[in-house]
Structure formats: structure tokens, C-alpha cells
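Student:
There are 2 protein chains.
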Amino acid sequence: MNYPWPEIGTPLVEIVTPMPVIDEDRLAANIERAQAYCHRHGKAFRPHIKTHKIPAIARQQLKAGAVGINCQKVSEAEVFADAGFDDILITYNILGAAKLKRLKALNERVARLAVVADSEAVVRGLAAAFDGAKPLAVLVECDTGGKRCGVQTPEAASELAQKTAAAPGLRFAGILTYPAIGGAAQVEAFITRAMELLAAKGIDCPIRSNGGSPDLFSAHLVPSATEHRAGTYVYNDRSMVRAGHCTADDLAMHILATVVSRPAPDRAVLDAGSKALTSDLLGFSDYGMVDGFDGARIVSLSEEHAVVDLKDCRSAFPEVGQMVRIVPNHTCVVSNLFDRMVFHRDGIVTRVEPIAARGTVW
Amino acid sequence: MNYPWPEIGTPLVEIVTPMPVIDEDRLAANIERAQAYCHRHGKAFRPHIKTHKIPAIARQQLKAGAVGINCQKVSEAEVFADAGFDDILITYNILGAAKLKRLKALNERVARLAVVADSEAVVRGLAAAFDGAKPLAVLVECDTGGKRCGVQTPEAASELAQKTAAAPGLRFAGILTYPAIGGAAQVEAFITRAMELLAAKGIDCPIRSNGGSPDLFSAHLVPSATEHRAGTYVYNDRSMVRAGHCTADDLAMHILATVVSRPAPDRAVLDAGSKALTSDLLGFSDYGMVDGFDGARIVSLSEEHAVVDLKDCRSAFPEVGQMVRIVPNHTCVVSNLFDRMVFHRDGIVTRVEPIAARGTVW
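This is the structure:
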């Protein structure tokens with residue numbers, strides 16, 4: 001079976017739909033903008049590669065000045081280690097013999113590898129697996145309001161850091177958080193207090209890693225952070241425009257789709273369903289935005305169909321066989337649905353990259 | 001990079017998470033139950049392979065008595081044609097030169113191929129692409145309340161059937177619908193009226209194809225339907241239990257996950273996020289059900305984390321490092337996230353099958 005990836009030089013209008021496509025110039029501008037901001041404010045920038053899962057894009061990010069990359073799972077990191085990346089932070093609690101064994105192998109071949117931990121159980125597992133030949137760098141993950149993983153208080157952070165530092169095969173490398181949107185003050189307060197407690201114990205805290213694309217351009221409001229991690233900024237999506245992180249001109253990803261039916265005057269059906277867009281709502285009441293057709297709303301998704309409600313659409317919606325562009329609610333999850341990503345400039349395909357880490361959830 | 005697919009004979013407790021797994025006995029029972037029901041009620045049964053996307057499972061379905069298979073897109077059908085399937089219905093409006101060319105190639109090699117159409121634009125495209133050497137079978141898709149694709153009235157169905165029948169390269173093969181849940185009476189009324197109109201024009205309507213898993217066991221309430229199509233029934237999911245289609249004992253798919261954090265007494269984090277479960281809510285207010293822990297609710301998903309709210313959980317939830325089983329809200333979309341599917345019986349892996357049609361959205 002022959003997947004319909006386009007040749008370089010193909011006009012976008014000839015692409016077989018549904019297909020996510022990335023605007024090269026907007027991609028490059030997003031990469032440069034984030035890096036310039038972090039440079040201006042004295043923060044190291046560490047892009048999260050989950051949004052693209054493509055080594056070539058991560059290389060663009062490093063070339064712009066990123067200090068290294070952020071992966072979410074061991075298997076995702078392995079793909080990037082295979083591609084030669086030598087500074088990888090895995091922001092996940094790694095548990096179980098199989099994953100620890102793979103992590104040990106990674107630590108042998110990745111010059112600068114680090115992981116996170118938010119509990120004694122995780123630290124114990126890491127400590128048992130690492131024997132000290134090349135200590136594993138561990139950051140204590142702190143819950144500064146995101147209410148996902150993380151120790152709950154600066155005191156707990158200090159205690160876990162001490163346990164980490166006491167393990168011969170581990171190296172306490174600092175603290176990390178994935179904050180709530182708009183939570184800069186909480187992050188700063190947590191980091192500051194944790195550092196006080198650690199200093200009182202004579203423990204150095206060289207890395208204070210903050211994260212998130214929504215508040216990327218507010219990272220300077222957390223002066224104590226040394227680095228910022230962000231993934232979504234590289235392509236952007238509807239949720240990033242809503243968060244005030246970017247404008248519509250910074251949207252690099254669109255999903256090209258074809259109108260396959262106009263069953264009624266106020267209804268259109270597109271060939272991009274949840275298997276091309278995902279059902280991620282991210283707080284929106286519809287499943288994506290059809291570019292250029294204000295008031296058209298993708299009100300429901302089947303796996304291979306998008307049903308568009310046109311009753312409030314102010315322009316004449318395209319007819320059967322015509323192409324539209326959809327802005328996804330959430331860009332990162334689209335990358336994980338496809339094996340390759342198409343890039344374009346001036347309406348022409350420039351390259352097609354393997355999404356090398358697609359499906360790496362372990 | 002070496003994906004952690006388990007060997008045959010591996011105990012489930014050793015599987016690297018997150019991992020969807022299929023109970024062989026429940027799978028076989030689901031296949032048999034649907035086939036027996038259809039046989040009892042004189043309906044041909046045509047499974048929709050989108051739920052598993054695995055040729056070996058489709059072969060099990062054919063062996064049980066299915067008349068052929070249902071695919072949703074041309075590229076999905078190509079994978080199954082490659083695997084030797086000779087009776088394929090593609091329930092999609094096929095448009096554009098590239099897809100029509102691939103459809104023509106399929107028609108040459110698939111003994112019994114059929115597609116649907118719900119507009120003159122689609123029929124015109126099909127008619128222009130097919131030259132009559134081997135006519136393409138076309139079913140007119142009817143909207144009987146599902147409000148997705150389909151002609152809106154029996155009169156419109158008759159008109160489109162006439163246009164189809166008039167094209168030398170096409171063969172009008174009947175009508176088809178994907179109904180609203182609980183819409184049997186509407187389906188029967190539409191089919192009956194459409195057949196009257198067609199008979200009055202001397203047009204035979206041999207196939208009347210109904211569909212959907214929720215109402216699979218009410219298919220006898222549509223006496224005029226000759227066949228029933230269903231996908232989800234093969235694995236089942238939380239939405240099928242809610243619809244009364246099956247019980248919890250018929251749930252063949254679970255996603256194995258590990259508790260990676262217990263940050264607070266009323267919170268747990270699992271390693272199965274939207275990239276293992278999808279964000280499909282299907283009307284539920286939470287993202288999946290943790291088997292055996294009533295009151296535990298997956299209240300939010302990140303891409304690689306599930307946050308579980310334990311405040312109403314009546315049992316002691318597992319600790320960091322322990323495994324849980326998640327019943328997905330929607331099984332079909334999980335298959336599309338992974339490259340392989342693990343099967344088991346009595347807690348032991350029996351086989352690992354390539355999800356051959358993963359990602360085939362064109």
C-alpha cells in the first residue's frame with residue numbers, strides 16, 4: 001500500500017486529503033521568536049519535541065540556540081538519541097524493570113541525560129538501577145498549581161532532593177515544574193522557598209526548569225527559573241491564539257481537507273475526522289476552525305468525517321470537491337496520528353519528514 | 001529503536017505500559033454473537049474493519065460468516081485488498097483524481113468492490129473515472145436521521161439512483177444508511193419509500209444496508225434491510241455498555257497502565273494519556289473507566305498522563321508502580337494510535353498483530 005505523501009514541488013492544491021501541512025516560514029519565525037525571547041531574558045530554552053516528533057525540526061531548534069531537548073517518555077527519547085541528540089531531559093516518572101533497563105542504556109550513550117522524579121518510590125527505583133559509573137541526573141518535579149504530577153510543597157521538594165542526592169548512582173540536578181496557566185507567581189514562590197530550604201541543607205540547585213507554551217512569553221515573570229521548556233509554540237494552534245501566546249499569523253500547522261458532502265444548505269461534511277484532528281476540545285465547543293469561513297463550526301467529528309454547521313457562516317462555504325484548511329484546536333496530538341509531515345512554502349511542498357517518534361508512548 | 005511489543009507467552013503483568021490488550025475469548029464471543037444474531041434474523045453481516053484495522057481479525061469475522069468487509073476510506077481498503085479480501089464496501093464519498101485513480105486500480109483486483117455516493121457531484125466523478133469494462137457498484141447513501149452524509153429524502157435517493165444507473169461505468173447496487181441511535185423506525189420508513197419510488201421507475205434495489213453497533217441487536221426492527229454493518233461490537237467499549245449493546249463481560253479491549261504518581265491522597269496519575277486513550281468523551285464526563293475502582297474518575301488527560309480523581313473512590317487505589325486496566329470510552333480510535341495490538345487469554349499473551357491499516361485516512 002502506497003501512502004499518498006506528495007513529492008517536493010507539489011502545489012498544496014494537489015495534496016491528497018486529509019493532510020496536516022506546516023508553513024516553513026512560520027515555523028522558522030516561531031523557533032526564532034521563542035529563542036530570541038529566552039535569550040533576551042537570560043533563560044536557557046529547551047524545546048519539547050513531542051509537538052513535532054521529528055529529528056530534523058529539533059535540529060532547527062538546536063541550531064537557533066536551544067540547550068537541548070525535552071522528551072516525555074523513554075521510548076520517545078530513544079528515537080532522538082538514535083538521531084544523535086546528546087542533551088535530553090525526560091520529564092516523566094520512570095518505573096519498572098523494563099523502562100529502567102532502557103534508561104540505563106540511554107544514559108550510556110546520551111552525553112547529558114536527565115529525568116524527573118516526584119516520589120520516593122520513583123527515586124528508589126532509579127537509585128537501584130544506577131550504579132554510579134555515570135550518575136543519572138534527576139530533577140525533582142514540583143506541583144506549582146498544575147495539579148498533575150509533582151511534590152506538593154517546597155518542604156517535600158527539599159526532602160526528595162536530599163534522598164536523591166544521597167543515592168550513589170544519582171545526581172540531584174535541580175527542580176522542575178509544569179505550571180498552571182497564568183501561575184508565574186506561584187512558580188516563583190515555590191522555587192524560591194525550595195531553594196532556601198536546599199541551601200540550608202548545603203544542597204546546590206543549579207537547574208530550575210519552568211515550562212509551557214501558553215506562558216512562554218511570560219517566563220521572565222519567574223526570575224528564579226534558569227530554563228524554560230515549551231513544545232506547542234513551534235507549530236501553534238487555536239488554543240495558543242486563545243491563550244494570547246501568538247496571533248493567527250503564527251499558525252504554522254493547518255490540516256487540508258476536502259468537502260465531501262453538502263447534504264443540506266446549513267451542513268457540510270469534510271474528510272478530516274478524529275483520526276486526522278483528534279477530538280481534543282481544550283475548552284472549545286467545536287473541533288477546529290475552518291480558516292476563512294467565520295461562523296462555520298465543526299460541531300461533531302466521526303472518525304473520518306467532520307460535520308460543519310453553516311447556519312452562522314457569513315460567506316458561501318465551498319462545494320463538494322473543494323479544499324479547506326482547518327486550524328486544529330491542539331497541534332501536538334495531530335503529529336502523533338501521522339507517519340510523515342508535509343512542509344511547504346509559497347504554496348509548494350518543500351519537504352516531507354518522517355514523524356520518527358510517532359506512537360512512542362512507553 | 002525497539003518497540004516493547006511482548007513475546008507470546010508473556011504474562012500481562014509484565015507488559016510495558018501503556019498498552020491496549022484484547023481478550024481472545026471475549027473477541028471470539030463478540031464475533032460469534034453478532035453473526036448468530038444476523039443469521040437468526042436473515043441479515044447479511046458486514047463488519048467494519050476500522051475498529052481493529054487488522055487483516056487476521058477480519059479473517060476471523062469472515063470465517064464466522066460475514067459476507068465481506070466495510071472500510072471507510074480508499075487507503076484503508078487498499079490494505080485489506082493487499083491482504084486478499086475480495087468483497088469490500090467503502091462507505092465514503094470518493095472525490096478527486098488521485099483517489100479515483102486508486103479506486104479504479106482497486107476495482108481491477110477486488111472481485112466485489114462497492115462504494116457509496118450522496119450527491120450528483122460524487123456520481124459524476126465516479127462515472128467519468130469508470131469506463132464500463134468492470135462497472136463499479138454504487139450504493140446511494142441516505143440520511144435517515146444521522147445528520148452526517150446522505151441524501152435527505154427518499155425522492156432524492158431515487159433521483160440519484162437513476163443518475164447512477166444511467167452511467168455506463170457504474171452499477172446502482174442499492175441504498176445504504178448510517179442511522180441515528182434508536183432510529184430503526186425512521187430507517188425502515190425511508191427504505192420502504194425509496195424502494196417504492198425505485199420500483200415505480202423499474203429500478204431494482206437489491207441491497208439495503210443498515211449499520212451501527214449500538215443498534216446491532218435491534219437490526220430486526222428494520223425488516224427491509226438486507227445487511228447490517230458494525231465495527232465497534234468486535235472489541236466493545238464503555239459507550240457500547242451504556243448503549244445497552246453489551247455488558248461489561250463483553251469488553252474485549254482494555255488499556256493496561258501504570259500508576260506513576262500519587263501526589264495527593266485524592267489524586268493518582270497514570271501513564272496512559274490522550275496518545276493512548278484519545279480524548280473521545282462520547283458524552284461521558286470522564287476519559288475512561290479504571291476497571292475495579294468504582295468512583296475513581298479520569299478527570300483530565302494530558303498527552304501522556306491521565307489524572308485520576310479519587311475523592312469518590314470506595315477502594316484503596318493502587319500505589320506508584322502498580323498496574324491498572326482502563327476501559328476506553330471509544331475503542332476504534334485506540335487502534336489507530338498503535339502499530340500493533342496485543343492479544344491474550346488467561347493472563348498470557350497469545351499473539352501480537354500488526355495494525356496494518358493504522359493511519360489510513362485518505
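From first to last, the protein sequence lines stand for chains A and B.
136 is the number that the UniProt record's numbering gives to position 136 of the first sequence; each next residue is one higher, with no gaps.
15 is the number that the UniProt record's numbering gives to position 15 of the second sequence; each next residue is one higher, with no gaps.
By construction, the Cβ of each residue, glycine as well, lies at the ideal position given by its N, Cα and C atoms.
#1: Count the CB pairs spanning the region 245-255 of chain B and the region 215-235 of chain B that are closer than 8 Å, and state whether there are at least three.
#2: Given a cut-off of 8 Å on the beta-carbon distance, is the pair Ala77/A and Ala173/A in contact?
#3: Which same chain residues, not among the five before or five after Lys311/B, have their C-beta less than 6 Å away from its C-beta?
#4: Compute the Euclidean distance between the alpha carbons of Val74/B and Glu32/A, then round it to the nearest angstrom.
#5: On the three-state DSSP scale, how would you describe Glu227/A?
#6: Can you name the start and end residues of the alpha helix (DSSP H) that Phe85/B belongs to?
#7: Is the beta carbon of Glu188/A closer than 8 Å to that of Ala223/A?
#8: Determine the contact status of Leu256/A and Leu277/A, defining contact as a CB-CB distance below 8 Å.
#9: Are Val342/B and Ile15/B touching if we call contact CB-CB under 8 Å?
#10: So, at 7 Å on beta carbons, what are the nonlocal neighbours of Lys201/B in its own chain, with the 5 sequence-adjacent residues on each side left out?
#11: Beta-carbon within less than 6 Å of Ser218/B's beta-carbon, same chain only, minus the 5 sequence neighbours each way: which residues are those?
#12: How is Asn30/A classed by DSSP in three states: helix, strand or coil?
#13: With 8 Å as the threshold, decide whether the Cβ of Ser213/B is near any Cβ in chain A.
#14: Got a sec, what are the start and stop residues for the beta strand (DSSP E) Val349/A sits in?
#15: Consult DSSP for Ser279/B and reduce its assignment to one of helix, strand or coil.
#16: Using a Cβ-Cβ cut-off of 8 Å, state whether Asp339/B counts as contacting chain A.
#17: Does the CB of Thr278/A have a neighbour CB from chain B at under 8 Å?
#18: Where do the N-terminal and C-terminal ends of the beta strand (DSSP E) with Thr177/B fall, by residue?
#19: Select from Ile181/B, Val110/B, Pro214/B and Ala296/B the residue whose C-alpha is nearest the C-alpha of Asp143/B.
#20: Contact defined as beta carbons within less than 8 Å: I believe Tyr178/A pairs with Gly212/A. What is the distance between those atoms, to the nearest angstrom?
#21: May I ask which residues mark the beginning and end of the alpha helix (DSSP H) holding Cys142/B?
#22: Just to confirm the assignment, what range does the beta strand (DSSP E) spanning Arg340/B have?
#23: Residues of chain B with CB closer than 8 Å to the CB of Asn210/A, please, in chain order.
#24: Using a Cβ distance threshold of 8 Å, determine whether the region 2-17 of chain B contacts the region 339-355 of chain B, with at least three qualifying pairs required.
#25: Give me the chain B residues within the contact set of Thr258/A, using Cβ-Cβ distance strictly less than 8 Å, ordered along the chain.
#26: Between the C-alpha atoms of Val79/B and Thr91/B, what's the straight-line distance to the nearest angstrom?
#27: Please report the Cβ distance between Pro354/B and Asp339/B, rounded to the nearest whole angstrom; I am assuming they are in contact, meaning their Cβ atoms lie under 8 Å.
#28: Give me the chain B residues within the contact set of Gly150/A, using Cβ-Cβ distance strictly less than 7 Å, ordered along the chain.
#29: Of the residues Gly292/A, Phe85/A and Ala128/A, which one's Cα is nearest the Cα of Ala111/A?
#30: Just how far apart, CA to CA, sit Leu297/A and Met289/A?
#31: May I ask you to list, following chain order, the residues of the region 303-327 of chain A that have a beta carbon less than 8 Å from some beta carbon of chain B?
#32: What is the DSSP secondary structure of Tyr233/B, reduced to helix, strand or coil?
#33: Can you list, in chain order, the residues of its chain whose CB lies under 8 Å from that of Ile69/B, leaving out five sequence neighbours each side?
#34: Distance check for Gly244/B and Gln299/A, CA to CA, integer angstroms please.
#35: Ordered along the chain, which non-local residues of its own chain (more than five positions away) have a Cβ less than 6 Å from that of Leu176/A?
#36: Among Asp291/B, Leu337/B, Thr360/B and Met323/B, whose alpha-carbon lies nearest the alpha-carbon of Leu12/B?
Tutor: Result, derived from the coordinates:
#1: yes
#2: no
#3: Asp266
#4: 40 Å
#5: strand
#6: It is not in any alpha helix (DSSP H) - Phe85/B carries neither H nor E in the DSSP assignment.
#7: Reading off the sequence, residue 223/A comes out as Pro, not Ala. Yes, they are a contact pair.
#8: no
#9: yes
#10: Ser158 and Gln162
#11: Ala184
#12: helix
#13: no
#14: Ile348 to Pro354
#15: coil
#16: yes
#17: yes
#18: Leu170 to Thr177
#19: Ile181/B
#20: 6 Å
#21: Premise fails: Cys142/B lies in the beta strand (DSSP E), Leu136 to Cys142, not in any alpha helix (DSSP H).
#22: Arg340 to Arg345
#23: Per Cβ cutoff of 8 Å: no residues; Asn210/A is ~17 Å from chain B at best.
#24: yes
#25: Leu95 and Gly96
#26: 16 Å
#27: 7 Å
#28: Pro263
#29: Phe85/A
#30: Note that residue 297/A is Arg in the sequence shown here, rather than Leu. Taking the straight line joining both Cα atoms gives about 7 Å.
#31: Glu303, Glu304, His305, Val307, Glu319, Val320 and Gly321
#32: helix
#33: Arg46, Pro47, His48, Ile49, Ala58, Gln61, Leu62, Phe80, Phe85, Asp87, Ile88 and Leu89
#34: The question names Gln, but residue 299/A is Val in the sequence shown. Computed Cα separation, rounded: 26 Å.
#35: Val116, Leu139, Glu141 and Ser209
#36: Met323/B
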